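Using UniProt numbering, the first residue of the sequence shown is number 1, and each one after it goes up by one.
Don't be surprised by glycine CBs; every beta carbon is placed ideally from N, CA and C.
In this text, all values refer to a predicted model and were calculated from it rather than measured experimentally.
Read through the structure below, which is laid out as structure tokens, and then see the notes.
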Amino acid sequence: MPLPTTATAPFCPSEVKGSIVVDAREPRWIKLKRFAGPGLLVAIGYMDPGNWATDIQAGSQFGYALLWVVALSSLAAIFLQMLAARLGLVAGRDLAQASYERYGWAGRLVQWITAEISIVACDIAEVLGCALAFKLLLGVPLAWGIVLTAFDTMIVLGLQGKGFRQIEAIVFGLIGTMALCFVAQVAMVPPDWHAVAAGLVPGAPSHDRHDALVLALGIVGATIMPHNLYLHSSVVQTRRVVGGKRGDVRDTLALVRLDTWVSLALAMCVNAAILILAGSVFHTSGQTNVTDIEQAYRLITPIAGSAAAFLFGIALLASGQSSTLTGTIAGQVIMDGFLHARIPCYQRRLITRGLALVPALIGVLWLGDGAVGKLLVWSQVLLSLQLPFAMWPLIRSVSDPRVMNGNTLGRPAQVLAWGLFAVITATNLLLIVGLD
């Protein structure tokens, strides 16, 4: 297969914008079917190996006590993703483009760097997750598994020119695989549903509160991913509505909201299932120090059986491959918006994966396989630290009538958005200064 020399066929924002036509005169269910997809691309990022690590450690150490963090952070993610989608649909710009127009060179540079850091941090989790899946399912040494993940660039090359709907279909398959695996595992080890319901009530654990704070931040970082805000604001623009009233975006926004809610609600259920599985399998049996995915896999086998362990490994492999597509698209959006630079997609993939391989490989070779759990959790904490740098320009943009053509965010929604920004920023600062 010849390597492409132009900007990436199915990924570059300028090439896929408006490529999926939606007739406003069609029945609503047909329009919804055509609009379904961008939410799935975003949702896959909420089920990556970083989520696994934080949810497994939280479930084993604290049982269901941090389940409310998963629920609330998922609801916050849905709200923020709808803001990103609103920006893309109403303003016709993605978050990187809007930030480029709003800020000077210094502001653009800071936002570009933090956005790239978030993609690399996410990709570190994907690298470690795929490598772990290779080790657990095939017996490949972890270091070699990390090296093997570099070849997922061939997946990107294989999709050259296939079209955006095919990408969404592959992502749907990955999500379906993970969801079915975890539904089956929870059915094999049914939890105490009364205790699960109690875990949805906000409250701090009575012990190891600093660990709980770190894990809570990790859950937030794994759930509300900064680069997904850039991604969603771009991929919603692949839909082009024809035949409707000019300037009327209310029906379009309603369809996008439904796509976002359904997709991210599914992601929330998968994350909750991981934590519930860890709580029912490990915490209730006294295994309260399960700090990494491999340890969880080894412990699941004698407790829940080899079938559950196999499903666990398959779901991990599907999860680890998720960023091959979405991380590449987000990287293109960020480079195009902030730098006005376009490179072939396989080159973009090689750059991101190369930057992720180095710290992952050094960490494993230096600290050993047992350090994978901590590397995964702290990669998600790093995502949480980057989140305010994406939230600030997003909230500013959707609140600006000049950007939104008069369709600005309502006052209550603005208050909620800035409240979320304040809470996440304050929690990050609390961790940085090391307060208990």
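Alpha carbon to alpha carbon, how far is residue i from residue j?
i, j, result
"LEU435", "HIS210", "Only weak support exists for where LEU435 lies, its pLDDT of 47 falling under 50; the coordinates are left without a value."
"VAL133", "LEU409", "The question names Val, yet the displayed sequence has Ala at residue 133. Each residue's Cα considered, the two are about 43 Å apart."
"SER263", "LEU40", "5 Å"
"ASN428", "ILE146", "30 Å"
"ALA65", "GLY203", "7 Å"
"GLU101", "VAL235", "19 Å"
"ALA309", "THR301", "5 Å"
"THR425", "VAL214", "14 Å"
"GLN166", "TRP68", "35 Å"
"LEU431", "LYS33", "43 Å"
"PRO401", "ASP123", "35 Å"
"ARG240", "ALA184", "38 Å"
"ARG411", "PHE421", "15 Å"
"SER60", "VAL42", "27 Å"
"CYS269", "LEU75", "12 Å"
"TRP392", "ARG108", "13 Å"
"GLN97", "ASP292", "38 Å"
"ALA267", "GLY327", "17 Å"
"ASN405", "THR177", "41 Å"
"GLY419", "THR114", "22 Å"
"SER397", "ALA265", "26 Å"
"GLN332", "ALA36", "22 Å"
"PRO359", "TRP378", "12 Å"
"ASP192", "SER285", "13 Å"
"TYR103", "ILE329", "23 Å"
"TRP29", "ALA71", "28 Å"
"ASN407", "GLY199", "38 Å"
"ARG86", "ALA417", "14 Å"
"residue 438", "VAL415", "This structure leaves residue 438 out entirely; the chain is present only between 1 and 436."
"ALA9", "ILE343", "Confidence at ALA9 is low in this model, with a pLDDT of 40, below 50, so the placement of that residue should be treated as unreliable; the coordinate-derived value is given next. Roughly 11 Å separates the two Cα atoms."
"HIS194", "LEU89", "42 Å"
"GLY337", "ALA413", "26 Å"
"ILE395", "GLU26", "33 Å"
Just curious, the alpha helix (DSSP H) that residue i is in, first and last residue?
i, result
"ARG86", "67-86"
"PHE310", "306-320"
"SER280", "250-281"
"ASN289", "Premise fails: ASN289 is in no alpha helix (DSSP H) and is neither H nor E."
"SER233", "226-235"
"ALA422", "411-432"
"THR408", "Unbroken run through THR408: none, as it is neither H nor E."
"GLY203", "No alpha helix (DSSP H) contains GLY203, which DSSP labels as neither H nor E."
"MET404", "401-404"
"PRO38", "38-43"
"ASP55", "49-62"
"ALA341", "Where ALA341 is concerned, there is no enclosing alpha helix (DSSP H), given that its DSSP letter is neither H nor E."
"VAL196", "193-199"
"PHE151", "No alpha helix (DSSP H) contains PHE151, which DSSP labels as neither H nor E."
I'd like to know whether the C-beta atoms of residue i and residue j end up nearer to each other than 8 Å.
i, j, result
"ILE78", "THR260", "yes"
"HIS232", "ALA84", "yes"
"LEU316", "ALA53", "no"
"VAL403", "ALA91", "yes"
"PHE182", "ALA106", "no"
"LEU217", "ALA390", "no"
"GLU294", "VAL372", "yes"
"ALA143", "LEU361", "yes"
"VAL196", "ILE276", "yes"
"PRO205", "PHE62", "yes"
"ILE44", "ILE224", "no"
"THR352", "VAL201", "no"
"SER319", "MET82", "no"
"CYS130", "GLN321", "yes"
"LYS31", "LEU258", "no"
Suppose the cutoff is 6 Å on Cβ atoms and the five residues either side in sequence are ignored; what does the same chain contact list for residue i look like?
i, result
"MET335", "ALA341"
"ALA296", "ILE56, VAL290"
"VAL220", "SER73, SER384"
"GLN380", "GLY50, THR54, GLY218, GLY221, ALA222"
"LEU137", "GLY313"
"ALA125", "ASP48, PRO49, GLY50, LEU376, SER379"
"SER99", "GLN111, PRO393"
"VAL140", "PHE134"
Beta-carbon within less than 8 Å of residue i's beta-carbon, same chain only, minus the 5 sequence neighbours each way: which residues are those?
i, result
"LEU357", "VAL127, ILE146, VAL147, THR149, ALA150"
"ILE117", "LEU382, GLN386"
"PRO2", "For PRO2, the predicted model reports a pLDDT of 43, less than 50, meaning its position is unreliable and no value from the coordinates is stated."
"VAL186", "ALA273, ILE276, LEU277, SER280"
"VAL110", "PHE389"
"MET188", "ALA304, GLY305, ALA307, ALA308"
Could you check whether the Cβ of residue i sits closer than 7 Å to any heavy atom belonging to the ligand COA?
i, result
"GLY419", "Only the bare structure without any ligand can be found here, which leaves the ligand COA out of the picture."
Using a Cβ-Cβ cutoff of less than 7 Å, which residues in the same chain neighbour residue i once the five nearest sequence positions on both sides are dropped?
i, result
"HIS283", "GLY59, SER60, GLY63"
"LEU355", "VAL120"
Minimum length 4: unbroken alpha helix (DSSP H) runs contained in the stretch 78-142: 95-102, 105-138
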